[in-house]
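Report on one structure; see the data block that follows.
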Amino acid sequence: MKMRKVGSIILIALIALIVVAPAGLMAQDPKVEPPKVVGVLMYADWCSSCKVLEPKLNPVKRGFEDKPILFTRFDLTDDFTIDQSARFAAVLGLEKLFKENAGKTGYMALIEWPSRRSLGVITKDETPEKIKAILSSLVK
Numbered sequence: 008m009k010m011r012k013v014g015s016i017i018l019i020a021l022i023a024l025i026v027v028a029p030a031g032l033m034a035q036d037p038k039v040e041p042p043k044v045v046g047v048l049m050y051a052d053w054c055s056s057c058k059v060l061e062p063k064l065n066p067v068k069r070g071f072e073d074k075p076i077l078f079t080r081f082d083l084t085d086d087f088t089i090d091q092s093a094r095f096a097a098v099l100g101l102e103k104l105f106k107e108n109a110g111k112t113g114y115m116a117l118i119e120w121p122s123r124r125s126l127g128v129i130t131k132d133e134t135p136e137k138i139k140a141i142l143s144s145l146v147k
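Numbering-wise, the sequence shown is residues 8 to 147 according to the numbering used here.
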């Protein structure tokens, strides 16, 4: 009888831990502020400039983890990814950017948020140091 009671207590404790622990972890998450800048990589699998730019961008982007910047991409590889990217652009309110740059790849468009004003572009010709400096100047 005592063994059954101890087992029940342990089971209840485990269930409570499973239910309460995730809530406690979520309470510790830092507040995420809305972006001031959105960096949209105009990308395609077949794009040679993308193959140069993306390896430069990826380590630099990690340095902006706590900054108000959102990095995303429009994938222009094929008809399906173009369609999905057009829909994503519409959700973001960036249809104009998507239409004006249809088919152009190999650069990151920098957009002020929420005005959606163009702030410039980053190309494959930029060094990682220059990319970091450009992004830093936009999220002061």
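Note that CB positions come from ideal geometry on N, CA and C, so glycine has one too.
Between Asp-82 and Ser-92, the gap from beta carbon to beta carbon is short of 7 Å.
Taking every protein chain shown into account, the CB of Glu-136 has fewer than 16 other CB atoms within 10 angstroms, so this residue is exposed.
If you check the CB distance, Thr-134 and Tyr-114 do not come in under 7 Å. For Thr-88, the enclosing alpha helix (DSSP H) begins and ends at 86-99. For the options Val-67, Arg-80, Lys-139 and Asp-73, the alpha carbon positioned closest to that of Pro-42 is the one of Asp-73. With fewer than 16 neighbouring CB atoms inside 10 Å of its own CB, Phe-87 falls in the exposed class. Each residue's CA atom was taken as its position, placing Cys-57 and Lys-139 some 18 Å apart. Around the beta carbon of Val-39, a 10 Å sphere encloses fewer than 16 other beta carbons of the protein chains shown; the residue is thus reported as exposed. Here the alpha carbons of Arg-94 and Gly-127 stand approximately 23 Å from one another.
Counting along the chain, Glu-136 sits inside the alpha helix (DSSP H) bounded by residues 135-145.
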